[in-house]
Amino acid sequence: MIYWFFHQLNPLVPTLLICPLIAIIIGIICSFLHFRILLGVGIAIVLPLLFITTNIDTFKSNLDAWAMYGIIYALITYASFRITSRARR
Numbered sequence: 001m002i003y004w005f006f007h008q009l010n011p012l013v014p015t016l017l018i019c020p021l022i023a024i025i026i027g028i029i030c031s032f033l034h035f036r037i038l039l040g041v042g043i044a045i046v047l048p049l050l051f052i053t054t055n056i057d058t059f060k061s062n063l064d065a066w067a068m069y070g071i072i073y074a075l076i077t078y079a080s081f082r083i084t085s086r087a088r089r
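Here the sequence shown is numbered in full-length UniProt numbering, starting from 1 and rising by one per residue.
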């Protein structure tokens, strides 16, 4: 869906820069606002859909990439949540 707005965007930019930063921000926000981390992890799992789903055929062919990147972003979110919550104590 990011490519609907930015047509000439390099595919590595959302994969390696934008979505990990969003995952870190989600973990920090969950820590500061005392949300449950499962909510943040759930949001992080669907982050790859921002750059995978341009149409239904692309979504079907990239389900494995969605699972892989979703798990990685969820781990990044959880790590940033744990680091931030420990630093606040």
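The beta-carbon is built from N, C-alpha and C at its ideal position, and this holds for glycine as well.
Straight-line gap, Ala87 to Cys19 (C-alpha atoms, nearest Å): 23 Å
Touch test, the stretch 73-83 against the stretch 32-44, Cβ-Cβ under 8 Å, three pairs minimum: yes
Residue of Leu21, Pro48, Leu33 and Ile56 minimising C-alpha distance to Ile71: Pro48
Proximity winner among Arg89, Ser61, Ile83 and Tyr73, relative to Ile43 (alpha-carbon distances): Tyr73
Arg36, enclosing alpha helix (DSSP H) - first and last residue: Element bounds for Arg36: n/a, residue is neither H nor E.
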